[in-house]
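Protein chains in written order, with this note's numbering: chain A, 3 to 116; chain B, -10 to 105. Glycine included, C-beta positions come from ideal geometry on N, C-alpha and C. A quick note: this is a predicted structure, and the numbers were derived from the prediction, not measured.
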Amino acid sequence: AQSVTQLDSQVPVFEEAPVELRCNYSSSVSVYLFWYVQYPNQGLQLLLKYLSGSTLVKGINGFEAEFNKSQTSFHLRKPSVHISDTAEYFCAVSKIQGAQKLVFGQGTRLTINP
Amino acid sequence: DAGVIQSPRHEVTEMGQEVTLRCKPISGHNSLFWYRQTMMRGLELLIYFNNNVPIDDSGMPEDRFSAKMPNASFSTLKIQPSEPRDSAVYFCASSSHLQGSGNTIYFGEGSWLTVV
């Protein structure tokens, strides 16, 4: 089975500051990795995903994430955040072989202060 | 293109009543997922379908919950009878399933259920 741990439930940062949201996963098989964002009262939207190749993945809204296989991590980063980035962020994994279902972490609430 | 469409967006019902949530996946997608989101348990997969066939329903909490997908463009999640602990946001999602392709799973806006 797969599991995902998001190490911070809440992250407050000031506007224009850099941010890193941490994600670690556990799996006995190879996985794909995803970050989704959920704005208040909305569904989940894909930010970025890692399937293979370069371990640095760029996504929408200036976010990027780096896959580190030895540390089983997939941390999300943005060099300068905006008020509009206030949302809940979810890390997720799915098996490469077999069922495509996503297993989510508990989420990290990112709050941007002016 | 229309995304995943869910209805109703919001529902308030009394304990014991039947609740039916509806989902129209993205046209051409052949995998459909029902997730539930609560503060306590986060996002949980309830059930998913491939080509209208239920593949894994191990996340369905109990017999009060049932899901159907009579055709490629429609699915329902039914709770009968409903209980206050069923209050949650229920998300439907779909993808174009090709094994090993890592295709994106697209989510609807959710159905916000409150059982009083």
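Could one say the Cβ of residue i lies closer than 7 Å to chain A's Cβ atoms, at least one of them?
i: residue 10 of chain B; result: no
i: residue 2 of chain B; result: no
i: residue 31 of chain B; result: yes
i: residue 94 of chain B; result: yes
i: residue 98 of chain B; result: yes
i: residue 34 of chain B; result: yes
Verify the CB distance criterion: does residue i have a CB-CB separation below 7 Å to chain B?
i: residue 103 of chain A; result: yes
i: residue 45 of chain A; result: yes
i: residue 1 of chain A; result: No answer is possible for residue 1 of chain A: it lies beyond the span of chain A, which begins at 3 and ends at 116.
i: residue 48 of chain A; result: yes
Count the other C-beta atoms from every protein chain shown that fall within 10 angstroms of the C-beta of residue i, then say buried if there are 16 or more, exposed otherwise.
i: residue 90 of chain A; result: buried
i: residue 4 of chain B; result: exposed
i: residue 59 of chain B; result: exposed
i: residue 30 of chain B; result: exposed
i: residue 26 of chain B; result: buried
i: residue 97 of chain B; result: buried
i: residue 41 of chain A; result: exposed
i: residue 55 of chain A; result: exposed
i: residue 71 of chain A; result: exposed
i: residue 114 of chain A; result: buried
Which residue wins for smallest C-alpha separation from residue i, given the options the options?
i: residue 17 of chain B; options: B:100, B:72, B:-7 and B:9; result: B:-7
i: residue 7 of chain A; options: A:109, A:43 and A:114; result: A:109
i: residue 75 of chain B; options: B:12, B:-9 and B:49; result: B:49
Within 7 Å (strictly less), CB to CB, does residue i reach chain D?
i: residue 79 of chain B; result: Structure shown: chain D not included; protein chains present are A and B.
* Touching or not, the region -2 to 7 of chain B and the region 36 to 56 of chain B, by the rule of three or more beta carbon pairs under 8 Å? -> no
* Taking contact to mean at least 3 C-beta pairs separated by less than 8 Å, is the region 94 to 105 of chain A in contact with the region 22 to 42 of chain A? -> yes
* To do: Could you tell me which uninterrupted beta strand (DSSP E) segments, each at least 3 residues in length, are contained entirely in the region 28 to 69 of chain B, listed from first to last along the chain?
  => 31 to 39, 42 to 45, 54 to 60 and 63 to 68
* Touching by the beta-carbon criterion (3+ pairs, under 8 Å), the region 18 to 38 of chain B and the region 49 to 60 of chain A -> no
* Asked: What are the uninterrupted segments assigned as beta strand (DSSP E) that are 3 or more residues long and contained completely in the region 27 to 102 of chain A, given in chain order?
  -> 33 to 40, 46 to 52, 58 to 60, 66 to 70, 75 to 80 and 89 to 97
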